[in-house]
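Trainee: This is the structure I want to talk about, given as structure tokens.
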Amino acid sequence: MTTFEHVISSHRDRNVIQIAIQRPDKRNALASAHWAALEAALDEAAVSDAHILVLSGVPGAFCAGADIDELGRLLASPQAFADNNALVQRTQLKLQRIKQTTIALIDGACVGGGLGLALACDLRLATARSRFAITPAKLGLVYSAADSARLVHAVGMARARELLLTGRLLDAATAADWGLVSTLCADADALEQARASLLENLGATSGQARAGIKTVLAHLGGDLAVDAAAAEAAFAAAFHSDDFAEGAAAFLGKRPPTFTGALR
Numbered sequence: 029m030t031t032f033e034h035v036i037s038s039h040r041d042r043n044v045i046q047i048a049i050q051r052p053d054k055r056n057a058l059a060s061a062h063w064a065a066l067e068a069a070l071d072e073a074a075v076s077d078a079h080i081l082v083l084s085g086v087p088g089a090f091c092a093g094a095d096i097d098e099l100g101r102l103l104a105s106p107q108a109f110a111d112n113n114a115l116v117q118r119t120q121l122k123l124q125r126i127k128q129t130t131i132a133l134i135d136g137a138c139v140g141g142g143l144g145l146a147l148a149c150d151l152r153l154a155t156a157r158s159r160f161a162i163t164p165a166k167l168g169l170v171y172s173a174a175d176s177a178r179l180v181h182a183v184g185m186a187r188a189r190e191l192l193l194t195g196r197l198l199d200a201a202t203a204a205d206w207g208l209v210s211t212l213c214a215d216a217d218a219l220e221q222a223r224a225s226l227l228e229n230l231g232a233t234s235g236q237a238r239a240g241i242k243t244v245l246a247h248l249g250g251d252l253a254v255d256a257a258a259a260e261a262a263f264a265a266a267f268h269s270d271d272f273a274e275g276a277a278a279f280l281g282k283r284p285p286t287f288t289g290a291l292r
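Residues 29 to 292 (my numbering) make up the sequence shown, in order.
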């Protein structure tokens, strides 16, 4: 287990890393130090052998967004403000592009930068008491292009416009209907059951294949770092992977596969 600034990174088992934001007194609001801690935890995860990354918060709060107590200091220094924005964008992009399959476990507030983190994950599970909002317009600010793109790909342009232009708060049922949430759970116990079921389902698939699928989807989602050639290369490389050899042998042998290939 590695402890950063209010961020704990631990291996649940060999294949799963859990990164937990732990700042309950602030509803997991993030200051610059916490974004830096998240970035460090992601850098550590990126070089691990784990195939799945789970991002969680505390009961009642996934992440309430920016730490308002820090806002005055940042506004007093244009350079500090710019550095913080760059850190936030860099951290979310690392989460989006990390090789592992990523899961956001959401219970409670998921607002601003918190929703930005959730949108950077591949899959989002949430409890019925969770609430979602993107509120820069209420501060006279504009949501970044990268954040806006993730939102549009999740909910579509019309609903992205409504969320961004109004800053409205969505309940969990509406968020699920709109596509912000992959799986809606009644409560924290059901969330844990859904997490366990999802990990079991993912465990039956190839981590190498999932990493390749993420590359293809990144291209289709408009990630400028992944061009058509990279997406096609990911498709072609799978046919020469260790996991495909195992998957084919298992299929022909009428047995469950045992995937062990390292992520690339």
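Even for Gly, the Cβ is constructed at its ideal location relative to N, Cα and C. Here the structure is a predicted model, which means the values were calculated and not measured.
1) Less than 8 Å between the C-beta atoms of Ala200 and Ala137, yes or no?
2) Please report the distance separating the alpha-carbon of Leu179 from that of Ser37.
3) Can you give the Cα-Cα distance for Cys213 and Ala222, rounded to whole angstroms?
4) Assign Val170 to one of two classes, buried (16 or more other C-beta atoms within 10 Å of its C-beta) or exposed (fewer than that).
5) Can you tell me which of the three DSSP states Val82 falls into?
6) For Thr202, report the span of its alpha helix (DSSP H) as first-last.
7) Can you say whether Ile162 is buried or exposed, counting buried as having 16 or more other CB atoms within 10 angstroms of its CB?
8) Using 8 Å for Cβ pairs, my map puts Gly122 next to Glu67. What's the rounded Cβ distance?
9) Should Gln46 be labelled buried (16 or more other beta-carbon atoms within 10 Å of its own) or exposed?
10) Report the three-state DSSP secondary structure of Ser60 (helix, strand or coil).
11) Where does Val75 land, buried or exposed, given buried means 16+ other C-beta within 10 angstroms?
12) How should Phe263 be labelled, buried or exposed, when 16 other C-beta atoms within 10 angstroms of its C-beta is the threshold for buried?
13) How close, in whole Å, do the beta carbons of Thr130 and Leu58 come, if the pair is a contact with beta carbons under 8 Å?
14) Please list, in chain order, all residues of the same chain as Ala156 whose beta carbon is under 6 Å from its beta carbon, the five residues on each side excluded.
15) What residues in its chain sit with their C-beta under 8 Å from that of Lys166, if we drop five residues either side in the sequence?
16) Per DSSP, Thr31 forms a beta bridge with which residues?
17) Pull up the DSSP beta-bridge partners for Arg159, would you.
18) Comparing C-alpha positions only, which one of Ala266, Gln124, Ser210, Leu280 sits nearest to Gly250?
19) Excluding sequence positions up to five away, which residues of its chain have a Cβ less than 6 Å from the Cβ of Ser84?
20) Determine the direct distance from the alpha carbon of Ala276 to that of Val35, and round the result to whole angstroms.
21) Could you check what DSSP says for Phe267 in three-state terms: helix, strand or coil?
22) Which partner residues of Asp41 appear in the DSSP bridge assignment?
Mentor: Working from what's here:
1) Locating residue 200 in the sequence shown gives position 172, where the first residue counts as 1. Locating residue 137 in the sequence shown gives position 109, where the first residue counts as 1. No, Cβ-Cβ distance for Ala200 and Ala137 is not below 8 Å.
2) Along the sequence shown, one-based indexing puts residue 179 at 151. Along the sequence shown, one-based indexing puts residue 37 at 9. Computed Cα separation, rounded: 26 Å.
3) On the sequence shown, position 185 is the one that residue 213 refers to. On the sequence shown, position 194 is the one that residue 222 refers to. Distance between the alpha carbons of Cys213 and Ala222 is about 7 Å.
4) The count along the sequence shown starts at 1 and reaches residue 170 at position 142. With fewer than 16 other Cβ atoms within 10 Å, it is exposed.
5) Walking along the sequence shown from the start, residue 82 turns up at place 54. Of the three classes helix, strand and coil, the one that applies to Val82 here is strand, per DSSP.
6) Counted from its first residue, the sequence shown places residue 202 at position 174. Taken as a continuous stretch (DSSP letters only), the alpha helix (DSSP H) holding Thr202 covers 200-206.
7) By 1-based counting over the sequence shown, the position of residue 162 is 134. Flag for Ile162 reads buried.
8) Position 94 of the sequence shown, counting from 1, holds the residue named residue 122. Position 39 of the sequence shown, counting from 1, holds the residue named residue 67. Reading off the sequence, residue 122 comes out as Lys, not Gly. About 6 Å separates the two Cβ atoms, so the contact holds.
9) Taking the first residue of the sequence shown as 1, we reach residue 46 at position 18. It counts as buried.
10) As a working mapping, residue 60 is identified with position 32 in the sequence shown. Ser60 falls in the helix class under three-state DSSP.
11) For the purposes of this step, residue 75 is identified with residue 47 of the sequence shown, where counting begins at 1. It is exposed - the Cβ of Val75 has fewer than 16 other Cβ atoms within 10 Å.
12) Reading the sequence shown from its first residue, position 235 is the one you call residue 263. The residue in question, Phe263, is exposed, as its Cβ has fewer than 16 Cβ neighbours within 10 Å.
13) Stepping through the sequence shown from its first residue, residue 130 is reached at position 102. Stepping through the sequence shown from its first residue, residue 58 is reached at position 30. Going by Cβ atoms, the distance from Thr130 to Leu58 rounds to 18 Å, so no, they are not a contact pair.
14) Indexing the sequence shown from 1 puts residue 156 at position 128. The residues are Ala200, Ala214.
15) Reading the sequence shown from its first residue, position 138 is the one you call residue 166. Taken in chain order, the residues that qualify are Gly195.
16) Translated into the one-based positions of the sequence shown, residue 31 becomes position 3. Looking at the DSSP assignment, Thr31 forms a beta bridge with Ile36.
17) For the purposes of this step, residue 159 is taken as the residue at position 131 of the sequence shown. DSSP, once it has assigned bridges, lists Ala137, Asp199 as partnering Arg159.
18) Here residue 250 refers to the residue found at position 222 when the sequence shown is read from its first residue. Comparing Cα positions, the closest option is Gln124.
19) For the purposes of this step, residue 84 is identified with residue 56 of the sequence shown, where counting begins at 1. Cβ neighbours of Ser84 beyond the five flanking positions: Ala48, Leu133.
20) In the sequence shown, residue 35 corresponds to position 7, counting from 1. In the sequence shown, residue 276 corresponds to position 248, counting from 1. Looking at the two C-alpha atoms, the distance is approximately 40 Å.
21) As a first step, residue 267 is located in the sequence shown; it is residue number 239 there, counting from the start. Phe267 falls in the coil class under three-state DSSP.
22) As a first step, residue 41 must be located in the sequence shown, where it is residue number 13. According to DSSP, which records beta bridges pairwise, Asp41 is partnered with Val44.
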